[in-house]
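>
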Amino acid sequence: MRGGLLIGTSLACILPAEAQVPAAPAQEVANAVGQNAGETDGTDIVVTGFRASQRSATKAKQESAVILDAVSQDDVGRLPDLNIVEASRRITGVSVVGGADATKNRDIYQRATIRGLDPKYNLVTIDGIPLASPDWVFRGARLDMLPSSLVSRIEAIKSVTARYDPHALGGQINIVSKSAFDGRSDRFLVVNANGGYNDTAGKLIRSGGPSIRADATGATRFGANREFGVVASVEYQRLPSTARAELPGDSNGAGWSYFTAAGARTPFPSLSTRPLVPVRNQDYFFENMRTRLSGNLKLEWRPDDATELSLFGGYYHDKDTETRYEILTLPTGAPTAVTATGGTFAQGDLQQGLTYQPVTRDTWLIDAKGRHDFGGGVVLDTTLARSKAEYRELREMIKYDTNPRPGTAQAGFLPAFGYGYTITDGRPRLTLNDTAAANNPDSYRALYYRSINRDLDSTVDFAKVNLGINATAEDRGFGANVGAAVTRTDLSYDQRYTEYVSANAAGLATIGTLRGILHDKQPTAYLTPAVPYLLIDRQAAWQRFEANRSAFITSNQIANNAADDFRDLETTKAGYAQALFRADRFDVQAGVRYDAMKLVVDTNQAPTARGATAYEAVQRKTDYDYWLPSALATYQLGDGMRVRAGVSKTIGRPDYSQYAARTSFGIGTDGTLTVSTGNPDLQPREAWNYDLSYEWYMPAGMISVAAFAKDIRNEIFTSSQQGPATTFQGVTYQTVFVSTPRNAAGAKVKGLEVGYTMDRIAALPGLGFNANFTLLDGSYRQPVSAAGIASGLPATRKTSGLIQQPDYIANLTMFYATGPVELRASYNRIGRALQSADGDTPTRDLYQEPRQQVDVQARFAMRDGLELVGQVQNLTKEPFIVRQGNGRDYLNYFFPVGRTFWLGLSWKPNW
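So the sequence shown is numbered by my numbering: it starts at 2 and just counts up by one.
#1: Going by CA-CA distance only, name the one from LEU300, VAL235, THR324 and ALA390 that's closest to ARG293.
#2: Are at least three pairs of beta-carbons, each pair with one atom in the stretch 288 to 308 and one in the stretch 827 to 835, less than 8 Å apart?
#3: Could you pull the start and end residues of the alpha helix (DSSP H) that ASN561 belongs to?
#4: For ASN226, which of ASP187, THR673 and ILE130 has the nearest alpha-carbon?
#5: Give the secondary structure of LYS749 by DSSP, where H, G and I count as helix, E and B as strand, and everything else as coil.
#6: Taking LEU331 as the reference, which of ALA338, SER212, ALA474 and GLY250 has the closest Cα?
#7: Confirm, please, whether the CB-CB distance from PHE286 to LEU205 is below 9 Å.
#8: Skipping 5 residues on each side, what residues in its chain have a beta carbon closer than 6 Å to that of PHE774?
#9: Quick check: the Cα distance between GLN836 and ALA103, rounded to an integer number of angstroms?
#10: For the beta strand (DSSP E) containing GLN885, name the first residue and the last one.
#11: Report, in whole angstroms, the separation of the C-beta atoms of VAL466 and ALA485, which I expect to be a contact under 8 Å.
#12: The beta strand (DSSP E) that contains THR361, what's its start and end?
#13: Cα separation between ASP712 and VAL602?
#14: So within the stretch 817 to 900, which uninterrupted beta strand (DSSP E) runs reach at least 3 residues, ignoring any that extend past its ends?
#15: For PHE546, which residues from the same chain have a beta carbon less than 6 Å from its beta carbon, with the 5 sequence-adjacent residues on both sides left out?
#16: Give the DSSP-derived three-state secondary structure of TRP912 in the structure shown.
#17: Considering just the uninterrupted stretch of the beta strand (DSSP E) at GLN353, what are its terminal residues?
#18: Using the Cα positions of LEU80 and ALA338, report the straight-line distance between them to the nearest angstrom.
#19: Quick check: what's the CA-CA separation for LEU892 versus ASP363?
#20: Would you call the stretch 308 to 321 and the stretch 347 to 363 in contact, with 3 or more CB pairs under 8 Å?
#21: To the nearest angstrom, how far is the alpha carbon of PHE718 from that of ARG207?
#22: Flag this pair as yes or no: are the beta carbons of LEU535 and PRO405 separated by less than 9 Å?
#23: Ends of the alpha helix (DSSP H) at LEU509?
#24: How many whole angstroms separate the CB atoms of ARG743 and LEU170, which I take to be in contact at a CB cut-off of 8 Å?
#25: According to the Cβ coordinates, are GLN352 and LEU509 closer than 9 Å?
#26: Starting from the Cα of THR425, find the closest Cα among ALA386, THR342 and PHE51 and give me that residue.
#27: Helix or strand or just coil, what does DSSP make of GLU547?
#28: Grouping DSSP H, G and I as helix and E and B as strand, with all else coil, what is ARG583?
#29: If you measure between the beta carbons of LEU768 and MET699, is that distance less than 9 Å?
#30: Please identify the residue among GLU716, ASN715 and THR736 whose C-alpha is closest to the C-alpha of PRO725.
#31: Per DSSP, HIS1 is paired with what?
#32: Per DSSP, which one or two residues make a beta bridge with MET146?
#33: Helix, strand or coil, according to DSSP, for GLY343 in the structure here?
#34: Since ILE85 is in the alpha helix (DSSP H), which residue starts that stretch and which ends it?
#35: Note down the Cα distance separating ARG56 from ASP760, rounded to an integer number of angstroms.
#36: Bridge partners for ASN773 per DSSP, in chain order?
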């Protein structure tokens with residue numbers, strides 16, 4: 002694209018090849034925008050601020066060959082958002098979710114869902130290129146790692162054609178990178194520097210310090226005919242925070258339990274005459290320091306209008322240094338005096354712990370792209386890319402307990418730490434029998450010291466070629482696209498697990514108590530208000546360990562060192578053909594894609610026989626292939642209105658860890674055995690997708706209405722079920738939970754998306770808004786465990802939604818610009834979403850409660866090219882809340898999120 006629209010401190014963006022949009026001179030684009038707004042006087046109009054970003058996003062939607070919604074670069078840079086994932090929640094039909102691990106801080110968004118489909122099944126690409134994943138749970142990049150300085154536009158592609166990778170049950174998030182050929186001039190530079198204050202930072206041990214966001218992006222064109230271009234960007238973020246959280250429900254919902262008349266725990270209400278009781282009460286206090294560093298460099302050559310070549314390189318670094326302090330209260334036996342609001346346990350166990358868990362993620366990308374127009378309507382596009390990702394995690398876990406059993410990592414129970422509890426709004430509050438003992442550091446002895454390393458390495462090689470014949474947007478009549486693509490993914494995961502426990506009773510006494518290894522602070526806990534956190538000093542604790550090394554022994558962790566490791570080698574080959582027909586008011590594209598996958602999985606098979614220790618290397622091969630048709634038609638109604646209708650078949654490949662036929666075992670301090678196992682027989686989800694949209698492009702805005710439906714087979718969900726008594730390495734465990742991914746019988750989701758944008762209101766020219774609302778309705782049929790059927794449940798049950806699918810999404814952004822001042826307020830609300838579904842009983846289904854967030858921003862032009870920027874994120878300090886039980890009456894977890902204030906400068910010289 003030879004020209005573009007100047008937008009504030011940044012530039013408009015180039016459309017990807019898939020959009021098939023012809024180039025337009027800068028003069029023509031600028032005049033068209035000015036005329037649309039009724040602002041032109043015959044000269045070039047430079048539109049700035051949020052108004053310009055709305056026009057850029059609207060133009061991208063209007064000119065795209067597929068159904069998509071977008072947010073432009075100026076939106077990313079100017080909204081009070083930290084990163085791409087938070088900016089993407091402004092897009093119609095897109096919601097965002099936090100981390101999948103409840104044992105880590107969840108105070109940031111990490112990934113995006115599209116039309117209610119879990120992030121696992123929505124591909125993330127940069128300029129159409131898939132990225133290696135620094136994660137074994139999700140495919141593709143974590144959006145929060147990617148820098149906003151990279152972005153020209155964020156696209157949510159909702160109807161894929163034969164040219165797209167079919168791993169797109171909900172759609173695809175495509176990041177369009179900046180180009181030196183975007184702008185009106187031969188060079189540009191943008192520098193942003195912001196200092197901030199998170200009102201949760203520094204509330205525990207570390208001072209926290211300031212939040213920092215700084216980035217710079219520059220580009221220039223050079224050569225005799227300005228045929229060469231280079232664009233570079235760099236970004237740095239420093240984000241401290243703390244969060245005092247509570248998790249009474251545990252990560253699988255088993256922290257609340259029913260009891261039978263005989264006093265045994267059960268997940269089934271039909272086997273109990275009493276309400277749910279809190280049996281695993283966890284308080285967490287998180288202290289985080291997140292730092293991000295990224296750099297991008299793109300070299301481009303456009304010797305004429307027929308040829309384009311580019312070479313792109315990117316590096317994305319993310320480090321989250323997290324310290325988690327914990328109080329864990331566990332009961333034993335049956336409760337007494339149980340009512341809907343309280344009860345009593347005669348005996349219990351109390352633990353104080355520390356987990357130091359820094360995680361580093363690094364991703365590299367290099368790609369080469371070429372495009373040549375041979376004339377006569379024949380255009381060739383080629384792409385060759387490699388991306389690499391690394392994940393490195395260290396977990397140091399130190400736990401002290403009121404009644405540890407020497408030589409093991411298990412604990413007993415004492416009357417002093419039994420408790421009475423009350424329940425208010427589903428949140429339990431505990432009163433221990435002996436509060437003085439619970440507050441005394443000498444009551445706690447060493448349970449275990451652990452050091453765990455988790456490493457992941459992932460490489461994705463990607464190649465694609467497309468030949469278009471009479472296939473650009475300006476061509477009329479019949480045309481075609483034919484092409485092929487190959488993606489090779491090599492992902493390996495390795496865990497190294499060491500656990501130290503007391504050698505014997507004498508060793509336990511030698512190691513000593515918590516006294517002498519604690520910080521001075523004793524912050525209050527939610528669940529045990531009268532028992533504060535006893536904050537373990539990590540350095541002092543390890544010094545004690547080294548000083549008393551002979552008092553410890555190493556426990557048998559062969560299972561954790563071998564059973565969890567795996568390697569997936571996945572090769573996907575695809576070919577496609579697409580026929581096109583375009584007239585002035587009507588166009589249609591229909592095609593078919595053949596997608597074939599071969600997978601090789603290497604794992605270790607776990608021994609279960611008494612005394613067996615050797616793990617056997619196992620390799621499994623599998624493959625599948627699909628024919629995937631698609632069609633999309635557009636009819637121009639006139640006066641800026643059009644309708645679009647489409648149908649397509651897509652798939653959702655299982656996660657890497659879901660494929661692996663591995664089995665890992667975890668033994669809780671209360672003697673519970675947790676078995677997590679992969680499922681190599683998983684089939685990809687298959688979906689037939691139906692789309693219908695109406696769009697009206699007005700001089701200063703747009704109205705869009707889209708309806709869609711998806712009929713899904715082989716829905717994949719992670720089922721957590723109570724299993725039978727299991728013997729593991731010679732010990733028989735009566736309380737067993739088995740977690741494994743499974744295919745459900747089927748799933749459905751339908752929805753309605755409405756968007757309304759006005760960037761200029763005649764009565765008040767400085768005022769504009771962007772509003773969108775999405776309604777979603779989905780469900781799937783989930784098999785019920787044998788134990789659930791025996792309790793009276795049917796063989797399958799219908800869930801109240803798809804995993805991570807909210808029932809609605811609402812966005813409203815208002816802006817006002819006058820003279821040197823621009824004000825903006827953004828509101829986002831994400832409705833209730835099913836987070837996980839239990840294989841035994843719906844009373845353990847977990848629901849993310851509705852969450853809203855208000856962000857505000859003010860900008861003041863101090864002088865030409867220099868702006869003062871102030872903004873506030875999460876103005877009302879909205880937390881993340883998950884609930885469970887009938888009617889979601891009980892709290893599963895509560896994570897607070899702080900308010901962040903920013904003040905900075907934005908500089909763009911007018912070259």
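Note that the Cβ used here is the ideal one computed from N, Cα and C, for glycine as well.
Values in this document were obtained by computation on a predicted structure and should not be read as measured data.
According to the structure shown:
#1: By one-based count along the sequence shown, residue 293 stands at place 292. Ranking the options by Cα distance to ARG293, first place goes to VAL235.
#2: no
#3: The residue given as residue 561 occupies position 560 in the sequence shown. Its alpha helix (DSSP H) spans residues 559 to 563.
#4: Residue numbering aside, residue 226 sits at position 225 when the sequence shown is read from its first letter. Answer by Cα proximity: ASP187.
#5: In the sequence shown, counting from the first residue as 1, residue 749 sits at position 748. Strand, per DSSP.
#6: The sequence position of residue 331 within the sequence shown is 330, counting from 1. Checking every option, the nearest Cα to that of LEU331 belongs to GLY250.
#7: Counted from its first residue, the sequence shown places residue 205 at position 204. Counted from its first residue, the sequence shown places residue 286 at position 285. Contact flag set, yes.
#8: Position 773 of the sequence shown holds residue 774. Cβ neighbours of PHE774 beyond the five flanking positions: VAL755 and ALA811.
#9: Position 835 of the sequence shown, counted from the start, is the residue given in the question as residue 836. Position 102 of the sequence shown, counted from the start, is the residue given in the question as residue 103. For the pair GLN836 and ALA103, the Cα-to-Cα distance works out to about 11 Å.
#10: Here residue 885 refers to the residue found at position 884 when the sequence shown is read from its first residue. Residues 881 to 885.
#11: Reading the sequence shown from its first residue, position 465 is the one you call residue 466. Reading the sequence shown from its first residue, position 484 is the one you call residue 485. Correct: roughly 6 Å between the Cβ atoms.
#12: Counted from its first residue, the sequence shown places residue 361 at position 360. Unbroken beta strand (DSSP E) run through THR361: 360 to 376.
#13: Sequence index remark: in the sequence shown, residue 712 carries index 711 (1-based). Sequence index remark: in the sequence shown, residue 602 carries index 601 (1-based). Between ASP712 and VAL602, the C-alpha separation is close to 30 Å.
#14: 822 to 831, 834 to 837, 847 to 849, 852 to 864, 867 to 874, 881 to 885 and 891 to 896
#15: Residue numbering aside, residue 546 sits at position 545 when the sequence shown is read from its first letter. Around PHE546: TYR450.
#16: The residue you call residue 912 lines up with position 911 of the sequence shown. Note: TRP912 maps to coil in three-state DSSP.
#17: Counting from one through the sequence shown, the residue named residue 353 turns up at place 352. Where GLN353 is concerned, the enclosing beta strand (DSSP E) stretches over 348 to 357.
#18: As a first step, residue 80 must be located in the sequence shown, where it is residue number 79. As a first step, residue 338 must be located in the sequence shown, where it is residue number 337. A caution first: LEU80 carries a pLDDT of 48, below 50, which makes its placement in the model too unreliable to give a value.
#19: Counting from one through the sequence shown, the residue named residue 892 turns up at place 891. Counting from one through the sequence shown, the residue named residue 363 turns up at place 362. In a straight line, the C-alpha of LEU892 is about 35 Å away from that of ASP363.
#20: yes
#21: If you number the sequence shown from 1, residue 718 lands on position 717. If you number the sequence shown from 1, residue 207 lands on position 206. If I take the Cα positions, the gap works out to 39 Å.
#22: In the sequence shown, counting from the first residue as 1, residue 535 sits at position 534. In the sequence shown, counting from the first residue as 1, residue 405 sits at position 404. No; because the gap between Cβ atoms is not below 9 Å, this pair is not in contact.
#23: Numbered from its first residue, the sequence shown carries residue 509 at position 508. 506 to 512 is the span of the alpha helix (DSSP H), which, as asked, contains LEU509.
#24: Numbered from 1 along the sequence shown, position 742 holds the residue referred to as residue 743. Numbered from 1 along the sequence shown, position 169 holds the residue referred to as residue 170. That belief does not hold up - the Cβ atoms of ARG743 and LEU170 are roughly 17 Å apart, past 8 Å.
#25: In the sequence shown, counting from the first residue as 1, residue 352 sits at position 351. In the sequence shown, counting from the first residue as 1, residue 509 sits at position 508. Result no, Cβ atoms of GLN352 and LEU509 do not sit closer than 9 Å.
#26: Looking up residue 425 in the sequence shown gives position 424. Checking every option, the nearest Cα to that of THR425 belongs to THR342.
#27: To locate residue 547, count along the sequence shown from 1; it is residue 546. DSSP, read as helix, strand or coil, puts GLU547 in helix.
#28: By 1-based counting over the sequence shown, the position of residue 583 is 582. Three-state result, ARG583: strand.
#29: As a position in the sequence shown, residue 768 is number 767, starting the count at 1. As a position in the sequence shown, residue 699 is number 698, starting the count at 1. Taking 9 Å as the cut-off, the beta carbon of LEU768 is found no closer than this to the beta carbon of MET699.
#30: Indexing the sequence shown from 1 puts residue 725 at position 724. Nearest C-alpha to PRO725: THR736.
#31: This structure leaves residue 1 out entirely; the chain is present only between 2 and 912.
#32: For the purposes of this step, residue 146 is taken as the residue at position 145 of the sequence shown. DSSP, once it has assigned bridges, lists no residue as partnering MET146.
#33: The sequence position of residue 343 within the sequence shown is 342, counting from 1. Strand.
#34: Working through the sequence shown from its first residue, we reach residue 85 at position 84. First-last of the alpha helix (DSSP H) with ILE85: 85 to 89.
#35: Along the sequence shown, read from residue 1 onward, the residue named residue 56 stands at position 55. Along the sequence shown, read from residue 1 onward, the residue named residue 760 stands at position 759. Near 8 Å, if we compare the C-alpha coordinates of ASP760 and ARG56.
#36: Within the sequence shown, residue 773 is the residue found at index 772, counting from 1. According to DSSP, which records beta bridges pairwise, ASN773 is partnered with GLY756 and ASN812.
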